[in-house]
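Residue numbers (my numbering): 206 to 688.
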């Protein structure tokens, strides 16, 4: 054979071999990555080729699927009372990545979760019938929170202290997830929602920590009692009024200048929300002890999954003495979500035991068989003593019965709470945040709630936890207790 032809033949064979090698590599090693690529439209076609599984509230689906026309995506997601439950469900969109429960359980809801496959599905490599997500949400509590917040910008969370079940997650203003489900119309809706200055897509209940203000005084009081700085909520404290922040000439005043805050007991200080008492207490305890207590309640937890990942509520580090004092009134760099402050009240109401909060009870296959039971998978930790919890419960009752939280009173129900009005903006230039966190007990029923009102139509001088947030909490507690 001619040498030139022989060399060309060898070269051609090498090219064929390289081509076969590359094809094998793509098929067997890169195939899954290509299949999973978000730009691979076949994934969307398969996901929306049949109805999705559903998210369940109190035995009823709050989601559905509708047949489309003129599209290779045969079905789209639908929502019942979409704005009411948006902070729970999130959205499943033909155009955008799913969020909230829709995102976390996307594989379960579209049938690709391996736990759903039968033997025949495995043999034929067919997608299984989709599963369902059963939530812990109580529709009465959810609606009470949503209606009570109304046109206010804010959020609310309710928890069963004994079980950790989240009964309500509301963020306002809300949005209709149905507007984002259809690829043909989602783009314009997405632009409109993102341009809205009120940020309706932000889940304020779980994912927007802000200064908790005076509601954080419950954490400070718990630290003081646990540490032995004070033995009782009725022991007088060492608290000058006004209190000069250490290392400065700044005098910390109280909102109510006539309140009996000088050397007040913890009970009286919570009743009148005395800044001097808790700032001095924070300084006396020191930031390390306060941080340790805050972290027991859930602050600084970067993996707070319910199962939606909540943004971290923060108790800061490396502060000077004056900044440490300011953390005692929930200011400086302290931040908290409504979920976090509901957890504080829940632990106090539950005798000092914090049960891990969760808003999914079970996930099931299409036939209703339970794949995982989250109610049986909770953890419980005694974070403060039962004596400390009982004392704080008593002091919180005083706040509601004869203090700054009277708007949360419910006839025939034991209610304890704590108001908060947190500074917002540089030099408190923006409207303050109004907070209320509380618990209620009636018979064998209990509930803990936290409400944040970020913005309302009220005049700045009328912004208060009792005036704006406590009525929302009251409505939620009444719904939870069946009152």
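Where is the CB? At the ideal position from N, CA and C, for every residue including glycine. Please read all numbers here as calculations on a predicted model, not as lab measurements.
- With contact defined as three or more Cβ pairs closer than 8 Å, the segment 472 to 481 and the segment 441 to 456 are in contact.
- A distance below 6 Å between beta-carbons, with the five flanking residues on each side excluded, links residue 408 to the following residues of its chain, in chain order: 292 and 376.
- Using a Cβ-Cβ distance cut-off of 8 Å, the segment 412 to 431 and the segment 534 to 550 are in contact, since at least three pairs of beta carbons, one from each stretch, lie closer than that value.
- DSSP, reduced to helix, strand and coil, places residue 413 outside both helices and strands of the structure shown, so it counts as coil.
- In this structure, residue 297 lies away from residue 278, with their beta-carbon atoms at least 8 Å apart.
- Per DSSP, the unbroken alpha helix (DSSP H) holding residue 496 starts and ends at 492 to 502.
- Selection 500, 225 and 294 evaluated against residue 337 yields 294 as nearest (Cα-Cα).
- Take the alpha-carbon of residue 654 and the one of residue 438: they are about 22 Å apart.
- If the five residues before and after residue 637 are omitted, its C-beta is found closer than 7 Å to the C-beta atoms of 626, 627, 628, 629 and 668, all from its own chain and listed in chain order.
- Residue 578 sits in a strand when the DSSP states are folded into three classes.
- In this structure, DSSP gives residue 536 a state outside helix and strand, which the three-state scheme calls coil.
- Ranked by Cα distance from residue 659, the first of 405, 508, 443 and 583 is 405.
- About 7 Å separates the beta carbons of residue 485 and residue 443, which is inside the 8 Å limit, making them a contact pair.
- Residue 612 sits in a helix when the DSSP states are folded into three classes.
- Residue 410 and residue 682 have their C-alpha atoms some 17 Å from each other.
- Using a Cβ-Cβ distance cut-off of 8 Å, the segment 429 to 436 and the segment 641 to 648 are not in contact, since fewer than three pairs of beta carbons, one from each stretch, lie closer than that value.
- Counting only the Cα atoms, residue 466 lies some 24 Å from residue 673.
- DSSP places residue 651 in the strand class (E or B) of the three-state scheme.
- Taking a cut-off of 8 Å for Cβ pairs, the segment 515 to 529 and the segment 372 to 391 do not touch, as fewer than three such pairs fall below it.
- For residue 488, the closest of 531, 506 and 519 by C-alpha to C-alpha distance is 531.
- Judged by beta-carbon spacing, residue 564 lies beyond the 8 Å limit of residue 618, meaning their Cβ atoms are not closer than that value.
- The beta carbon of residue 287 sits closer than 7 Å to those of 381, 382 and 383, all from its chain and outside the five residues before and after it, given in chain order.
- In the DSSP assignment, residue 477 falls within the unbroken alpha helix (DSSP H) covering 471 to 477.
- A contact between stretches requires three or more CB pairs, one per stretch, nearer than 8 Å, and the segment 352 to 371 fails this requirement with the segment 253 to 266.
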